[in-house]
Structure formats: structure tokens, C-alpha cells
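Protein chains in written order, with this note's numbering: chain A, 17 to 282; chain B, 1166 to 1750. Step one of this worksheet: look at the structure below.
Here is the structure:
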């Protein structure tokens, strides 16, 4: 679990708006409606939350959920110190008390009791019952819950129940259109326009391939990495191979085929 | 065979198979070696499900099929010969995008097909160089022709290919209904010999003229060493003895442009890779005895269901082969023990129960809470233990085995159907031990009128009586996956479990006599998977053949299929799947 307690950001992090997501988020924040961000990895979900927290000038607390994440990890626990027991607030309680934005990254990965714990916070009650303390905590007016999940790759294994999903307003994230993706690469890494365009074209072609059995395809994040390598002077074809092709797969045949493809385009 | 025939045959064979020189072998690039690479490239560039087939000569494209020369050795370096293929794939990509092909119903002579290709090449090249600047360099290298033994430059036909008779995309297939007499003869004769055919680019299917067949007079084509006839207007008897190997040379001379389908059992198999354009007649309704269930089929051309189109015959598999079961268990004892260990450790992990009044371990969080409660004078809970209690597993599995004739082939030295049977036996053995609800079913089809669904082990049947049946399975018929999945959905829908899975064990290529192939078949399978999804039934595919990945991913989606080559691997991937499912459960 990763908690960024001091993530009040002064300069806004770079985020390229591609539709009306900023407006949607701002209005959801005003109306205290929890937001669910859906989309494949590396499409800017986390960056968007950072950006919005910065725009709204709110503290952001991020919890990266995994299969062992339990409600205790979120709400808090007693620890023993000498002969005393001390209560330690979890990130959820901190956010509820201080009015921060709590971002549950990959919420579907977490254990079911996490979902149960957040339910009363996501409807009109906006309260949290802490069973270990026997207390009910009313949420701060600015408290907002944001969760992300990746609908594609865990289908059938881990899914959010409809009753949970219906508690959120949802925004879909996908790979940006080529023009915007090029702009993102240039702004994020300072790479030249020609290379950025070529990288985006490679990504576009690799995303055409559904049969490689890749769990996930080329994300904007991978392109950003490749662009950074190119910008600092690594040869282009090598950068593409190291930052895009090799992270995608270990199969020799596919690596060769993708290298053929990349070499045609850059 | 008379002595003169024998000597003549030997001589012809000698000249035909005379050794190729080493230098040529060194520089020659074979299509079959680079095909997977080229397929990935073509699919990435076009975004379409392109397939690559060997061409009769220079080739072209037809719909989503690209035809390339079987081998290429014009240039002196292997690299240039390889680049030739890359260039052709790029060229065809652009040609396909521009839809430069022969879309008229009249026949196009080869000569004109090449001419058309050459006349239009400049337009394609211009577009090609604009889109892929690297292609210009490759093209110029090929044209420069400095690296060949020949003094002539490369023939234009090799560079630009030819135009092929094609149909506009998403064309409506005409609903011609012809009565095809397809009998339900369950023959036990299996093909014994399989030989790969020469490439063929176009197939025209003829409807059998029974009258002429009866009147057939034996004809001989004397220019061939053995007699295997091309279609020449007269119908001969399909007697069918397994003499394929003897006729191999004659077969290599055959033109497979005209084909017919018959209902006699196969005695030998002559494998022709390309069957995409085979115009197969749809079968008409037929009246049959026995209990059947109607199922709909998805017509993707019209985006509607063909209602009550399929007749599916569910029945219990009557045969048994106890030896096969015994041999499988004996040979895989070690595997079974390993599987048991894996499954036991899995089960213990996910059956841990917190907040128990007794158990093997103390839950540290609860112990601290109890300590806090006691210190603060509250009533403390005794439930501070973690126990490994067994819970009822809320799971139902249905293993669906593709029994079609294609499972009679070999993958990595194992006969596909045997691998499937062994997997089913081990699968059943393990699930039975762990009291998990499961069924094992097989399917094959002979047109929409005869889709068979054979029950090897029903959910409520005992494993001990069912386990012997699996060994008796024999390859039969074709692969109509859609109705089999739909019926599996119907069966699973009646199970009370929360988590239901269909596991398909197949080569993944939907096909049947009556046009159930290519995109039509894939779309029907996709639609039936969508239906399963609506019923809250999950699906997973296991395939034994490596080429299956080109089909399975189109239907099942990423992360929902796995290609394996032995029962051990199959089971390991099953355990992985089980782990994923049960962790969620």
C-alpha cells in the first residue's frame, strides 16, 4: 500500500484534456458524487486525479489496492506500544476527517470487505462506521472518493458488483487520438515532433494486434518512456525496442515481428 | 506395375526432385518459415485479420487473404530476398486499402491480371512511399538488382503481383439453397495418409451430378505418371481406397480450382491450405428422427439471428474404453500427485476463515482488539482465531471437448484428441476428488441439421461410471462451436453455483460443411460468448494447436485462452485459471 500523505501539489502536473473530463470531475466534486475512472493501464487515470486534485487545491491520498488490501488497511488499526494500545488512522479515515480526495487505484483488486467499508460513504449518508472504535464518522464536506479499475484484463476473475458500480459516476479513459498523443509526448518529454509522430504511429499499429495474447497493449506511458530515451540521445530503434517492445512480451517471435514493424516506421 | 512404367516413373521423379544447389538453399527464403512474422506485420499495418497463403506464382490478395510466393531466391543475399517479402506485404496492404482488385464477375485471364497490376502500380507506390518512407529504400534496392546472378532486372510481375477475382468487403452472401444429400453415416474408417497440397488461390465448388456419375466412363490422362483427375466435365465414382502416397506426384500436378464435396467417409487426406473462397452450398432443412433442440445462429452479415436454425442432438455417449482410462492414470501418476498438492495448497489458502472461536492460528489484529477491549473494560470477543475450515465450493465447470476430425492431427508429437482425452480424464479425476461440480461434454457437427452434443459426464452423474467413456472418443465431423456453447449455457444455467465456467478444448477454428467458416463462424462464436456473458457464465479456451491463437483471440479475447502442447501443460494452465477464479470466489 502506498500512501502519499503530503501530496498537495503547487504547480499543476501536466495533463492533456481530451474531452470533457475536467468539467465532469469538477461538477461531481461540487455535488459530492464519487467518481470511477475506467480504462486500460497507462492511459492517464492516475495523472488525471493528480491534476484534478491540484486544480481543486485538495489533498490527494492514493491507495494502490492489491489482493491483500483489507478494510483494516484502509480504516486503521490498533497497535501495541509498551503496555498501551494506540489507534492509528488509516488513509480512508484521514481523508474523511480532513476532506481530502481519496484515490483507490485498481479498486477491484481489493478484498470484498473494502468495498463494504466504502459503501456508506458513497451514498447520501456520507459516513463511516469504525467498528473497532464503535464510532460513526461524518465525512468532511470536501471529502471525495475516486476509484479506478481496468475493465478488460480481469474480466471474469475480478469484477465490481453492479451495486458498487452504481454508486459512482464513471469516466472512460482510452488511448488518446494520434494528434493528442503526439502533443502529450512532446510536452511531457521534449522530444521532436517527427519522432513523436512516428512513435504514435507505431503504437497505433501495435494496438491493431489483438491476437498476440498480450495482456495489455502499448500504453501512452510506454510511449512517454520511449520518447524520453530518444530525447536524451539513445538511438530511435533501440529506444523503441527497449521501452515499447520488450516490456510488452517475452516471446521471441513476437519481439521479432514487432521489431520488423517498428523498423519500418522509424 | 510394368517394368517400363516403373522406369519411366523413376526417371520423371529424378528430374523433378533433382538436388538444388547449396548456394540457392543458402539465399532462399521460404514463406512457411517467415509466415507468422509476416502475418503479425500485415495485421498490425491493416488492423484486419489478414492471413497469408502460398501463391501459385507471384500472388496478390483476395479479401483478407494475402498470397505470396512459396519461396524466393532471385537475389543473392538472404536479406534482400526477405526484404522482397516485406515489400510485397507493404504493397498488398496499400493495394487492399485502395481496393485495387478485380470485383467483376467475369473471369480475368492471368495475362490481364498482371497487366492491371502493373498499370496501377505507380498509384500504389506513391501512396506506399508516403505512408512508409522506409519502403522506398527497400523498393529501390530491389530494383537496383545488383545482387543477383541474373542479368535481367527482377520481373515486374514479381514486384506488383496480379489482380485477383475478389468481392467487395462485407458482401452479402447469396442465400442459394441447394439440396445437398448429407447422410448420417457414422463411418468408422479414418483417413490414414495426409499429404500437403500445392498452393491454390481460387476454388470453385461444383455440385455433384449423380446421373453423370453413374454414367462415368474411366478416363486416363497419360501425361501424368499416376492418374488423379482434375475435373474435366465427367463424373467419376468416388470409390476411395487409401493409395494417396502412390499418387503423390500426380496430385502435385493437380489443379485444385474446382472441388466437390461428397458424403462418403474419407480414406486419405490431401491437404489444401486455402479454402477461404470455397462456395459451399447451404444445407436445406431435413426431417430427422430423435430428440433435438432448436438453437438460433447469428448471421453477422445481416446482424440478426437465424431463428431455430440449428438442430442440436444431446445424447449420452454410449461407448467406453476402460483401458485408456487406466493407462492415462498410470502414466500420469506423478502429474496427478503434483496437481493434488497444488490444489490442496490453493484450497487451504482461500478457505481461511477469520473471526473463529477456535482454529490453528491467531489473527493478530483481532488479538490486539481483544486486548484493547479488556483493558478498557469492554466485553471482549473470543473470536480471534483463523481456521482452515472447508467450505462448500461455489463453482461449476463444464469442459467442452471439440471432437471434430481436425483433432485427429498431431501437435508437438501428440495426437490432439488423445491429449484432449487425457486432459479430460485428469481434470475429472481431480475435480471429483475435491467435490467440485463439473461436467464433461463433447461435440461435433455435420451441418446445421446434425449438431451433436455428447454427454460424457453430466453434472449429476457419478464420475466412476462416466470416466471410462472418455477414452472411447473418436474424431468425427466438423466444428460448429456456436450451438455447443449455447447448449452448454443452457445446462450451466440450471446449476445453482454462483461462479460458472465453460472451458472449451478445441483447435478454435469454427468450420462446418454449410458455410460455417471464416468470419461467419467466428462471429457466431463471439455472439454465443456474449450470450453466455449475459447468463453470467464465464468462458475460457484451451487449445492444443499453436495456430489456434489466430482464431481464439478473435473470439475469446485476450487473457481468456491459452495455447498448450501437452496434458501436463494443459492442466497447469487449468490450475492457474482455477487459482484466479477461486481467489475471487
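Each residue gets a CB set at the ideal place from its N, CA and C atoms; glycine is no exception.
Please state whether the Cβ-Cβ distance between residue i and residue j is less than 8 Å.
{"i": "residue 1717 of chain B", "j": "residue 1649 of chain B", "result": "no"}
{"i": "residue 261 of chain A", "j": "residue 211 of chain A", "result": "no"}
{"i": "residue 1548 of chain B", "j": "residue 1520 of chain B", "result": "yes"}
{"i": "residue 1497 of chain B", "j": "residue 1587 of chain B", "result": "yes"}
{"i": "residue 1611 of chain B", "j": "residue 1678 of chain B", "result": "yes"}
{"i": "residue 121 of chain A", "j": "residue 79 of chain A", "result": "yes"}
{"i": "residue 1667 of chain B", "j": "residue 1702 of chain B", "result": "yes"}
{"i": "residue 29 of chain A", "j": "residue 75 of chain A", "result": "no"}
{"i": "residue 1282 of chain B", "j": "residue 1326 of chain B", "result": "yes"}
{"i": "residue 236 of chain A", "j": "residue 200 of chain A", "result": "yes"}
{"i": "residue 1202 of chain B", "j": "residue 273 of chain A", "result": "yes"}
{"i": "residue 112 of chain A", "j": "residue 69 of chain A", "result": "no"}
{"i": "residue 1459 of chain B", "j": "residue 1473 of chain B", "result": "yes"}
{"i": "residue 118 of chain A", "j": "residue 136 of chain A", "result": "no"}
{"i": "residue 1622 of chain B", "j": "residue 1646 of chain B", "result": "no"}
{"i": "residue 277 of chain A", "j": "residue 239 of chain A", "result": "no"}
{"i": "residue 1256 of chain B", "j": "residue 1303 of chain B", "result": "no"}
{"i": "residue 1331 of chain B", "j": "residue 1266 of chain B", "result": "yes"}
Could you give the DSSP three-state label for residue i: helix, strand or coil?
{"i": "residue 1445 of chain B", "result": "With a pLDDT of only 43 at residue 1445 of chain B, under 50, the local geometry of the prediction cannot be trusted, and the value read off the model is given with reservation. Reduced to three states, the DSSP call for residue 1445 of chain B is coil."}
{"i": "residue 1480 of chain B", "result": "strand"}
{"i": "residue 1633 of chain B", "result": "coil"}
{"i": "residue 1703 of chain B", "result": "strand"}
{"i": "residue 1392 of chain B", "result": "Its pLDDT being 44, under 50, residue 1392 of chain B is placed unreliably by the model, and the measurement read from it follows with that caveat. Coil at residue 1392 of chain B, not helix or strand."}
{"i": "residue 1531 of chain B", "result": "helix"}
{"i": "residue 156 of chain A", "result": "coil"}
{"i": "residue 1683 of chain B", "result": "helix"}
{"i": "residue 1248 of chain B", "result": "helix"}
{"i": "residue 1338 of chain B", "result": "Any reading at residue 1338 of chain B is ruled out, since the residue's pLDDT is 39, under 50, leaving its predicted position unreliable."}
{"i": "residue 1253 of chain B", "result": "helix"}
{"i": "residue 1328 of chain B", "result": "coil"}
{"i": "residue 1604 of chain B", "result": "strand"}
{"i": "residue 1728 of chain B", "result": "strand"}
Run the proximity test for residue i: is its beta-carbon closer than 7 Å to any non-hydrogen atom belonging to the ligand ADP?
{"i": "residue 86 of chain A", "result": "The ligand ADP is not among the ligands present in this structure, which contains no ligands whatsoever."}
Output yes if chain A places a C-beta closer than 8 Å to the C-beta of residue i; else output no.
{"i": "residue 1540 of chain B", "result": "yes"}
{"i": "residue 1339 of chain B", "result": "Per-residue confidence for residue 1339 of chain B stands at a pLDDT of 36, beneath the threshold of 50, marking its modelled position as unreliable; the derived number appears in the next sentence. No, residue 1339 of chain B does not count as interfacial toward chain A."}
{"i": "residue 1530 of chain B", "result": "yes"}
{"i": "residue 1505 of chain B", "result": "no"}
{"i": "residue 1297 of chain B", "result": "yes"}
{"i": "residue 1534 of chain B", "result": "yes"}
Could you tell me which residues DSSP pairs with residue i in its beta bridges?
{"i": "residue 1219 of chain B", "result": "B:1233"}
{"i": "residue 1676 of chain B", "result": "B:1644"}
{"i": "residue 93 of chain A", "result": "A:104"}
{"i": "residue 163 of chain A", "result": "A:52, A:120"}
{"i": "residue 185 of chain A", "result": "A:51"}
Taking only beta-carbon positions, decide if residue i is within less than 8 Å of chain B.
{"i": "residue 96 of chain A", "result": "yes"}
{"i": "residue 165 of chain A", "result": "no"}
{"i": "residue 47 of chain A", "result": "no"}
{"i": "residue 273 of chain A", "result": "yes"}
{"i": "residue 221 of chain A", "result": "yes"}
{"i": "residue 141 of chain A", "result": "no"}
{"i": "residue 101 of chain A", "result": "yes"}
{"i": "residue 190 of chain A", "result": "no"}
{"i": "residue 113 of chain A", "result": "no"}
{"i": "residue 270 of chain A", "result": "yes"}
{"i": "residue 63 of chain A", "result": "no"}
{"i": "residue 183 of chain A", "result": "no"}
{"i": "residue 225 of chain A", "result": "yes"}
{"i": "residue 265 of chain A", "result": "no"}
Quick one, which residues of the region 1204-1217 of chain B are near chain A if we go by CB-CB under 9 Å, in chain order? So the close ones are 1204, 1205, 1206, 1208, 1209, 1210, 1211, 1212, 1213, 1214.
Output, in sequence order along the chain, the residues in the region 118-136 of chain A whose CB is closer than 8 Å to any CB in chain B. Per Cβ criterion, the list is empty.
When you check each C-beta in the region 74-85 of chain A against every C-beta of chain B, which residues fall closer than 9 Å? Flagged, chain order: 83.
Contact residues within the region 1257-1275 of chain B, judged by C-beta distance below 8 Å to chain A: Cβ contacts with chain A come from no residue of the region 1257-1275 of chain B.
Give, in chain order, every residue of the region 1486-1506 of chain B whose Cβ lies closer than 7 Å to some Cβ of chain A. Interface annotation for the region 1486-1506 of chain B against chain A: empty, criterion Cβ-Cβ distance under 7 Å.
Output, in sequence order along the chain, the residues in the region 1669-1697 of chain B whose CB is closer than 9 Å to any CB in chain A. The residues in question: there are none.
Along the region 1173-1202 of chain B, where does the CB come closer than 7 Å to a CB of chain A? Name the residues. Listed by position along the chain: 1201, 1202.
Residues within the region 1452-1477 of chain B neighbouring chain A, beta-carbon criterion of under 7 Å: Closer than 7 Å at the C-beta level to chain A, one finds no residue of the region 1452-1477 of chain B.
Taking Cβ-Cβ distances below 9 Å as the criterion, which residues of the region 1626-1642 of chain B are in contact with chain A? Closer than 9 Å at the C-beta level to chain A, one finds no residue of the region 1626-1642 of chain B.
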